[in-house]
Amino acid sequence: MKKVVFLALSMVSAGVLVAGCGTATQAKSSTSTTFTTIDEYHGITAGAPINPFNSNGNNWLGYDQMQLGWFTNSPTNPNSFYPGLAEKWDVSSNGSNVTIWLQPNAKWSNGTPVTAKDVKTSMAVAFTQGNAQSFYLGSVKVISSNEVQFSQIPGQHYNLFLNNLLQQTIVPSFEYEKLMPTNIWQIINESMYTGNNAAKKALATKAETDLTNLGKTIANYSPAKDISAGPFVLKNLNPGEALLVKNPDFFAANSIKVNQVVFRNYTGNQQIWNYLIAGQLDAAPFTAMPTNILHQILATKGNQEVVSPSYVAAALAFNQGIYPYGMLSVRRALAHVIDRQAVQKVAEPVVGTVSKYSDGMVDSATSQWLNSAQVNQLDPYSYNLSKATAELQKAGFKKVNGQWLMPNGKPWTATIYTVNGFSDWIEAAKVISSEMTSFGIPTQPSIVSSYSQYLKEIAQDKYALGFWLNALGPEASPTYLRIYGANDGYQVVGGQLVHYPYTNKTQGNWLDIPSTVPLPNGTLVNPGKLTYELNSLTSTQQRPIVQQLALATDYNLPMITLWNYINVQFVNTTRFGDFPTEPGLLDNPPAVWMTQGYVHPKS
Amino acid sequence: MKGVLIRLSQRVIWGVIMVFVTASFTFFLVRMMPGNPVDAKYNQLVMQGLTPVQAMNKVRVMYGFIPHEPLWQQYIHYLNQIAHMNLGQSISYEGVPVLHLILTAAPWTIILVLTGLVASFIVGVLAGVIAAIKRSSPVGSAISLSGSLLHGIPQFVMGLFLAYVFTTLWVLLPFGAPYNAELTPGLNGPFISSLIRHAILPVATYALSSYGGWLLTMKSSVITVLGDDFILAAEVRGLKMGTRVRYIAHNAILPLFTIFALSIGFMLGGSLFIENIFDYPGLGNLLLHAINSRDYPLMSGAFLLITVSVILSNIATDFLYSVVDPRIRR
Amino acid sequence: MALPASKLDPPVNQLVVSKSNPSFWTSSWRIIVKKPGRVIGFIIILLYIFMGLFGPMLYPKQLPIDPNAIYAPISWKYPLGTDFEGTSNLALVITGARYVLFAAFMAAIFTVVFGTVLGLVSGYFLGFSDSVIMRITDFILTIPSFPLLVVLSTVWNFGQPVAMGFVLGITGWGGLARAVRSQTLSLRERGFIEAARSLGLSPMHILMREILPNVGSYIAMNLLLTITGSIYAEVGLFFLGVVPFQVNNWGVMLNLAVFSAGAMSSAQALPYLLSPMLALLILTLGIVLFLDAVDEMFNPRLKEV
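Chains as they are written, first to last, in my numbering: chain A, 1 to 603; chain B, 1001 to 1330; chain C, 2001 to 2305.
(1) What residue range is occupied by the uninterrupted beta strand (DSSP E) comprising N564 of chain A?
(2) Any idea what DSSP makes of G69 of chain A, helix, strand or coil?
(3) Of the residues A:S308, A:G155 and A:N265, which one's Cα is nearest the Cα of T72 of chain A?
(4) Using the DSSP secondary-structure output, state which residues sit across from Y417 of chain A in a beta bridge.
(5) Fully enclosed by the stretch 292-360 of chain A, which beta strand (DSSP E) runs are 3 residues long or longer?
(6) For G1147 of chain B and T2228 of chain C, what's the separation of their Cα atoms in angstroms?
(7) Considering only their Cβ atoms, is the gap separating I50 of chain A from N56 of chain A smaller than 8 Å?
(8) Ignoring anything shorter than 4 residues or poking outside the stretch 1068-1132 of chain B, list the alpha helix (DSSP H) runs there in chain order.
(9) Taking only runs of the alpha helix (DSSP H) that begin and end inside the stretch 1139-1194 of chain B, which ones reach a length of at least 4 residues, in chain order?
(10) Straight-line CA distance for T262 of chain A to T34 of chain A?
(11) Using DSSP bridges, identify the partner residues of F576 of chain A.
(12) My understanding is that V351 of chain A touches V431 of chain A, with C-beta atoms under 8 Å, so please give their C-beta distance in whole angstroms.
(13) Can you pull the chain A neighbours of L2080 of chain C, defined as C-beta to C-beta under 7 Å?
(14) Any chance you could list the alpha helix (DSSP H) runs of at least 4 consecutive residues sitting entirely within the stretch 1248-1311 of chain B, in chain order?
(15) Output needed in chain order: residues of the stretch 345-370 of chain A with a Cβ under 7 Å from some Cβ in chain C.
(16) Helix, strand or coil for L392 of chain A, going by three-state DSSP, please let me know.
(17) How many Å lie between A2263 of chain C and A2072 of chain C at the Cα?
(18) I'd like the list of long-range same chain contacts for L160 of chain A, defined as Cβ closer than 6 Å, with 5 residues on each side in sequence excluded.
(19) Quick check on R2030 of chain C: buried or exposed, where buried means 16 or more other Cβ atoms within 10 Å of its Cβ?
(20) Would you list the residues sitting across from L524 of chain A in a DSSP beta bridge?
(21) Taking a cut of 9 Å between CB atoms, which residues from the stretch 397-428 of chain A lie near chain C?
(22) Just how far apart, CA to CA, sit G336 of chain A and M2277 of chain C?
(23) Where L1320 of chain B and I2094 of chain C are concerned, what is the direct C-alpha to C-alpha distance, given to the nearest angstrom?
(24) For T2142 of chain C, go through chain B and note every residue whose CB falls closer than 7 Å to its CB, in chain order.
(25) For A1119 of chain B, which residues from the same chain have a beta carbon less than 6 Å from its beta carbon, with the 5 sequence-adjacent residues on both sides left out?
(26) With 8 Å as the limit, tell me which residues of the stretch 267-280 of chain A have their beta carbon closer than that to any beta carbon of chain C; keep them in chain order.
(27) Rounded to a whole number of angstroms, what is the C-alpha to C-alpha distance between N1285 of chain B and V2150 of chain C?
(28) Where G111 of chain A and L85 of chain A are concerned, what is the direct C-alpha to C-alpha distance, given to the nearest angstrom?
(29) So, with DSSP's three-state summary, where would you put G1003 of chain B?
(30) So with Cβ pairs under 8 Å, would you call L511 of chain A a contact of chain B?
(31) Please state whether DSSP places G57 of chain A in a helix, a strand or coil.
(32) Which chain A residues sit within Cβ distance under 7 Å of F2146 of chain C?
(33) Considering only residues of the same chain and omitting the five flanking positions on each side of V354 of chain A, which have a CB-CB separation below 7 Å?
(34) Counting only Cβ pairs nearer than 7 Å, list the residues of chain B close to A618 of chain A.
(35) Below 7 Å between beta carbons is the criterion; list the residues of the stretch 1155-1183 of chain B that meet it against any residue of chain C, in chain order.
(36) Is any beta-carbon of chain F found at less than 8 Å from that of T2095 of chain C?
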């Protein structure tokens, strides 16, 4: 029953948690320094282990689960971080070597210090989970008890190496080392072999299997109690609430003015709304909501809305392999038929803004990457039925008895697919269906029972029109991978970009965008290749490519961007004051705010 | 006594067959479901901004928990596990034993439903006797009508109504957790009162929506007994009203005990709506979670447990009956 | 949830004379008009049948939306207010009735057909067919039907009301089959059936012409109860959101009202939640009031002196 927004939101950074301060049940607040909040990532499962590597583990990022640093969510600088367990770090000029120094006072909640050994063990665990491979970690070297050096796999120039590295979870070596064999690093090194020696290849395959099996062991390992290097440590847990208390051994314990934190469980947004309206949350995460609820929440004493940028948008995507959506005129006509103002007003009135362009980015990113001349080249596809009619007639469509006939003579009807429980998409689909129907294209929304089924079927070309999250930033590369990535048949195999055609039904190419598309000035570009290049470039080098991609996307319309999400959080100032205002910090969990010296109880 | 034992062993064998059939049925049913947990997780990761390669790496662990053998091998493996009281590992919880998750959730459902069941049974039966005896008076009709209406209102409508009145309109009772996490579980006053306060609304929903059923059944049972010869005889013999009512109630309640015993079996699957509306952490919510995340082992496990409890209570009811009622022994 | 009353073996009803009784309709009418409550119930039921048959014809296929009248208050134009996109709630309730009622009707038909046929065959022929049918019935009765529906709903496509009705029927016939069997069992020993058998009438004839009319009354009662039970079950499935909803109906309205409109927390959206609830409650009231009459038509023991 999650809104799509929730998923979308998570991307903004780990930090979209909402914490609320407040009392558990308003009748019996124990102390005034209990901070009540909700973790939108996971409900609370009494049966799950206290293990951050379990997908439902009872650990809370920033509270009792720590990273080396906390990302500021900057769209232009992926290396901008607040310190976490690492006090400082140093990156080599080419970005492939990183040295970190741990906080001198960092300790686990049982009093033992956090050392370089813990970091190294955590990286070994990251290999078993597949996390370390994803940023091409090659080697980890302990320099001293608080200094560690990391290198990328030789030959790789992944531009988010530091970014991903600092966001790895650090766990105590004394808990996790025993789960892995003593030759774990030998296994890891063997698994990284990519050459052609058959014997070594066989070893690598075996090593990968070993890592996967270790990954399973680690994921369901259940430590007897919570050991935290963060500001809080788990004390009590029931299926509806978790109680965390202040960790006196935390390196910045002096900054933490909150004695305990209560996490509430939730299964649907309406529960979060209820808690907010009752004034029980001291901080609450990004939650989709209708306007009437927003007003009600703001009417509650102490509740305040905090808005920060979000890099994600909702779009209506076309399967160009299905007739007639391969025709540019058809896509453009529909862009003119859909009144995005009305769609946003109904579907995402509070946490969305109407998208100005369909260039594959959110509007705030567009204004940062493109110059004004380029922005002027973007077609805003305003709501205009006569333009739509002209486009269609140009393509050979005819309107008979109020209904459009396609050039092949058949009547044009459509189905828009969305996902059960994603109420914003469903509502938007209904509005769009209604608009298309009254324009003469009988259209109906269809709701697929689960998101995973939706993704499977959209990849099997079962939907001509479907909803899609695009513009997943803040970085340029993931943003455009949502269009010109696997969904358009582009995959990286053995370090090479491979394009699987639409006719290959197993590789997930459902967008079927032509491999070269024109810019408004007629130049042909290859968007799949351009997107792949973004991966290893600095942001200065990325700029011309992003500009070409934006123009090509808006001009060729593989999807119509309907609205941009905005990150709306809530804090309650009745029990706590001094909340942060910097967007970069707000995107992190409230425990990180507290670590930075914010959030003080009111006496 | 020998007859009883033979009958009992027949029932047990039948029960084992039922468990086998149900287990097989759910095994194949849930594997027909479209979608799988890894896709769901993978796409969530992509949405968090990971590249497809990164996301693929990250779901590797969860993927490891999905069986990849041919279906028939999985089936044999599954039956073998069940024979050893093992329901397998959850996929969405990455390896946590299904039995562990189910046993964590089941007590909450039992607390909720058992309390509601007993409360509604007692009140419903008493009201049913009155409604039957006074069926020609306004009091009787009013009671019957209350029963029919409450019986007619679907459980979810009742739940929404109570939730609206007591947690929104008039914020009187908490919801969303079984008790306040700041308290230490145990036999202490604050904990127990917190437990009760959190359970009031779900229990009330259950009790109110089953009250009508008990009332109506008891009423018709009493009316049937009223027509029996021995009651007429008692009346003719001039036994006191009170004594007669006791006779009637005693005979009329017997069939209700059977239904009561069977209802205990249906208990585990009986509060899906209530748990969903009040976010109460029982088996119903677990089943819904399993369905939404396409966690097959968890889904089959939860469903199997719900069914097994019905089978067990059927056997137990049957056994008790054959001990208590000599006519069945033959 | 307590077991539905149908799971109890009912007492065999008084025999209905096997020749069709010409005064049945007249006497039924008399029973209905005896109390004003029954008349109200009868009218409500007629109204709902009308709504299910003709409701969707009163409105365009796509109900008009109005982004400027989102959650509009109750007015002449919108007698029950509007929803999240400015569509009239009244229109939604009326057009949504067809799916709900048709599926429930189909469910009742499937239940009655399965339950009656299997119950008759099992109770009349006994022996092997009886034990097989009763084992299957036990199985159906054992599996908790709502959790089963929830699991089934993810595999089945419920876009068509017939599909929904079929699934509800297939999971719900157990109680009726058992009841029909026990009535058949006791009827087959009665004199007139013995007589028919000795006359050499075919089992088919005996079942259809002699036994069926005598259990007909019980089946009719059950039909009505199955309809209400099915309405609640299907609306509940949609409410939980486990069934993908392609068409508007009351359960979908409830789901959207609670989980995305915030009707539970905001008075503005409350009419959106109350509209389908009202539709359900009025129907419940209608059926409760009318059942009283049905009770009397078929269960003479309840006739008060």
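C-beta: ideal position from N, C-alpha, C; glycine also.
The answer reads as follows:
(1) M559 to Y565
(2) strand
(3) A:S308
(4) A:S446 and A:G466
(5) 303-308, 313-318 and 352-354
(6) 16 Å
(7) no
(8) 1071-1083
(9) 1155-1163
(10) It is worth fixing the name first, because residue 262 of chain A is Val in this sequence and not Thr. If I take the Cα positions, the gap works out to 7 Å.
(11) A:P601
(12) Contact doesn't hold; Cβ gap of about 17 Å is too wide.
(13) Ordered by position in chain A, no residue passes the 7 Å Cβ test against L2080 of chain C, which lies about 17 Å from the chain.
(14) 1272-1278 and 1283-1292
(15) K345 and V346
(16) helix
(17) 13 Å
(18) P78
(19) exposed
(20) A:P518
(21) V419, N420, G421, S423, D424, I426 and E427
(22) Reading the sequence as shown, one finds His at residue 336 of chain A and not Gly. Straight-line Cα distance between these residues: approximately 39 Å.
(23) 51 Å
(24) M1018, T1307, V1310, I1311 and N1314
(25) A1207
(26) G268, N269, Q270, W273, N274 and I277
(27) 12 Å
(28) 15 Å
(29) helix
(30) no
(31) coil
(32) Here the premise fails: no neighbours, minimum Cβ distance about 18 Å.
(33) R340, Q341, Q344 and W563
(34) The shown model of chain A, from 1 to 603, leaves out residue 618 of chain A, and the question about it has no answer.
(35) Q1155, F1156, V1157, L1160, A1163, Y1164 and T1168
(36) Within the model displayed, chain F is absent; protein chains A, B and C are what it includes.
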